[in-house]
């Protein structure tokens, strides 16, 4: 009798334990470790992965039949630039439709400076994706000394160190630099070492858009490695590539540098977007000194015939190094002063303006556009062979280097819509450069480990329920350079923190993303 009563007493608790929020049944599970797939069911409860196995005795409010679909951890994009976009499009559809559930922003030295205030804003906006951030060197430097082309004073250096320290305490995951951009390009290595040291004190990552990705790329890589060694901190080299036709094939030089540094004990990894074109601002075509001290100073220099000639000669010399006769490789993504030029190359813009069809006239056209506020650009100039060689490196992650897209606005780089789908379709399924399991490891557990996102990146009991379900035969990037505003296809379901935000291939109104804090906040 006692045994019967004991059983009846605990029966409600047993039944309760078997009720969950979502059950994903019959999935081909790739868990993010790099291990081969297995068939399994997944139970989600209270935002977490509750149980993995064959769950015949479980019931749920929502049951998804995932037969024929891959179940993987939500993808983590470690290199994004979403600042300013969060309020405009909190649904972040370009990321969600590409399987991305978490992004790391604040890259290339560009971030919010007050991280606590930024996180409070994100909490109020409620985005569809999880967000972590780095603290960016360029904006820290601007806060202390504007865009001055000089070394910081003692007081300015102390102010920068204080900003970085507070950012790490507030939850930044590390410190980023954009040493090709103003004003970061004006800094010496020792300045970066000192600021990165603050982030290292809080177990942060040093993530760098290195000083040069073309002719001087090896020296730039060595600088990043040096900063990591000096501070005994993890290093992430952003959008690892070789720019310029004259540098094609040099991945044979650059990858061994990373391999050697890891063999020597430095925790260095890289990330990559799977395209042969980059995207940045038009000002990168000009010498750094031209862009100091704000728009009025820039215009004054470009209005001076002697300085203008120096600038144009510099641009022509760089064009010759690329073995090109015209500025056909930079294409306008967004030119606020005249949006009719979006999607046109500088060569085409020059012809539209009915100027002489010469490189010198094209360089002058660039200078005129800079005087009008500059433009966002897509630069064609990388080799697919290098892209593939870099992709094969096991400590390389995939990243879009993009913001939250406003559908239909401008002619942005397609990587903002299709990075992960392109890897899965072109480089995994079609060209078999890497395996599906390996690609997913690079999109999930490797970035989670690198940026210390403790309960993300794996399909594992107790982990946050960030899950993507996709058809490996159908997944495809639809975005192109000519028609960039197209969402990736093949992602049937996306779960963020236990809530469905894509169902049967359609995004709903759910915005269940969270702020993810770095170890300093923990």
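In the working numbering, the protein residues as written are 609 to 1130.
All C-beta atoms, glycine included, are put in the ideal place defined by N, C-alpha and C.
- Note that the region 770-783 touches the region 736-748; at least 3 beta-carbon pairs, one per stretch, sit closer than 8 Å.
- Ranked by Cα distance from residue 698, the first of 793, 947, 895 and 738 is 738.
- In the displayed model, residue 716 falls within coil according to three-state DSSP, outside both helix and strand.
- When DSSP reads this structure, residue 879 sits in a beta bridge with 1005.
- When DSSP states are grouped into helix, strand and coil, residue 745 belongs to the helix group.
- Going by beta carbons, residue 987 and residue 937 fall inside the 8 Å limit.
- If you check the CB distance, residue 1090 and residue 1044 do not come in under 8 Å.
- Comparing alpha carbon positions, the residue from 1110, 1125, 1074 and 717 closest to residue 658 is 1074.
- DSSP, read as helix, strand or coil, puts residue 792 in helix.
- Counting the other Cβ atoms within 10 Å of the Cβ of residue 673 gives fewer than 16, which makes it exposed.
- Secondary-structure assignment with DSSP links residue 889 through a beta bridge to 984.
- Inclusion of residue 786 and residue 714 in the CB contact set at 8 Å is not warranted, their separation being larger than that value.
- For residue 662, the CB contacts under 8 Å within the same chain, skipping 5 residues up- and downstream, are 648 and 649 in chain order.
- Annotated as proximal: residue 1024 and residue 1011, with beta-carbon spacing under 8 Å.
- Between residue 668 and residue 638, the C-beta spacing is not below 8 Å.
- An exposed status is given to residue 873, since fewer than 16 other beta-carbon atoms sit within 10 Å of its beta-carbon.
- Non-local C-beta neighbours of residue 939 in its own chain, meaning closer than 6 Å and more than five positions away in sequence, comprise 953 and 986, ordered along the chain.
- C-alpha of residue 1094 to C-alpha of residue 837: approximately 42 Å in a straight line.
- C-alpha of residue 919 to C-alpha of residue 905: approximately 14 Å in a straight line.
- In this structure, DSSP gives residue 1108 an extended state, which the three-state scheme calls strand.
- By the beta-carbon neighbour count (other beta carbons within 10 angstroms, threshold 16), residue 1102 is buried.
- In the structure shown, the three-state DSSP call for residue 685 is strand.
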